[in-house]
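The structure under discussion appears below in the form of structure tokens.
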Amino acid sequence: MAPATDSLLEERRDHPHPADGTAAAYALGESDAEAARLRVLDAVYGSTSRALLVDAGIAVGWRCLDIGCGTGLVTHWLGEKVGASGGALGVDISDLFLAQARGASKQHVVPHVQFAVSDAGAGNIGEAPFDLVYARCLLSHLAQPARVLQRMAALTKPGGVICVEDIDCGTGLPVAASPAHLRYWQLYRAVIAHHGGDPSLGRKLPRLFHAAGLKPAHVGVVSPTEPAEDIRRLSPLTLASLRPALLRAQLAAAAEVDDLIGALHSIDHTTAACPMVQVWARKSIA
Ligand SMILES: C[S@@+](CC[C@H](N)C(=O)[O-])C[C@H]1O[C@@H](n2cnc3c(N)ncnc32)[C@H](O)[C@@H]1O
């Protein structure tokens, strides 16, 4: 009997946006407000990201690549950990986010932390291979995550580490207690899928690793409950970033989105952040 088609590993080639078959337009857009939202995202998930990277063995002298680095918050932390004998390169498709990332470098004068424009799927990334290739909340936005993960592995030294974190906001969310949250996550899933991404990618990461020839050394899921105020703000800020894409795709009317942003801002009960799946693997030496 022929094996069942594994939809997980199928490339979603029918997507209308990718320029090169890999990069979908980033659904959350490129704006100062989105850059500010990325700081809130880091306030929510930064401590668990750092714990993951420590678990993966981040050490002085490592050369690290952060793909889809956004405003470079993790890239800068990697730079601190590896010191001047190592390096951290952050790449992203957004000039605006990278300008903010570089601004932070200048303030702290860290020449071993660099940023460059590059497409995760196709862009030129110099000075490979790296000791660590990392991506947080990137693959769920891409039409071809399996191909990009394979590329991440190819950019890693034998014995080096590939580390990926991505959210899973499919059904079964522990956070969606209120109707406003339920509708928010419904719209989030619809617009990310419309842009060729996969809002439930997190749960698929371990299988993607295996398919890329990588045996996970660690698989975990985190769903932070602190800092509560940042977790509370993340949903309305995310919806505000998604507003233009939602309206363009006619997935919701402006009035509904605006009312929902207001409703999410006014929710004051405690929620847990959307589950973030964390995986790292060591590239085989053979
Ligand atoms: C949710 S943000 C995460 C940013 C950062 N990794 C973090 O956790 O703070 C996703 C980032 O991926 C970038 N991005 C989207 N598509 C990309 C692509 N094809 N190549 C490189 N970066 C991309 C976006 O510009 C955005 O900065």
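Residues 12 to 297 (our numbering) make up the sequence shown, in order. For every residue, glycine included, the Cβ atom is placed at its ideal position computed from N, Cα and C.
Residues bridged to residue i [DSSP beta-bridge criterion]
i    : result
Q289 : E176 and G231
Y37  : Bridge partners of Y37: none, in fact.
A146 : V175
V202 : Note: V202 sits in no beta bridge, so no partner.
T167 : F141
A127 : V102
Option nearest residue i by Cα separation, candidates the options
i    : options                   : result
H206 : H276, G97, A165 and Q261  : Q261
D9   : D270, L64 and G132        : As shown, the chain starts at 12 and ends at 297. That puts residue 9 outside it, with no answer to give.
F126 : G72, G273, L76 and E240   : L76
V290 : E176, G79 and A264        : E176
L149 : V288, R113 and L245       : V288
G94  : A112, G273, W73 and V102  : W73
A67  : R243, V230, L219 and S189 : V230
P210 : L109, L198, R218 and R50  : L198
Q111 : L89, N135 and S42         : S42
A99  : A265, G137 and A47        : G137
A47  : A256, A264, L160 and R244 : R244
Buried/exposed call for residue i, threshold 16 Cβ in 10 Å
i    : result
P122 : exposed
T281 : exposed
K294 : buried
E45  : buried
R194 : buried
S129 : buried
S96  : exposed
I296 : exposed
D270 : exposed
R259 : exposed
T167 : buried
H221 : exposed
G32  : The predicted model places G32 with a pLDDT of 35, which falls under 50 and marks its position as unreliable; any figure quoted below should be read in that light. Label assigned to G32: exposed.
V232 : exposed
K226 : exposed
G114 : exposed
S277 : exposed
P235 : buried
Checklist entry - Which residue spans inside the region 67-103 form an unbroken beta strand (DSSP E) run of at least 3? => result Listed in chain order, the complete beta strand (DSSP E) runs (minimum 3 residues) inside the region 67-103 are 74-78 and 98-103.
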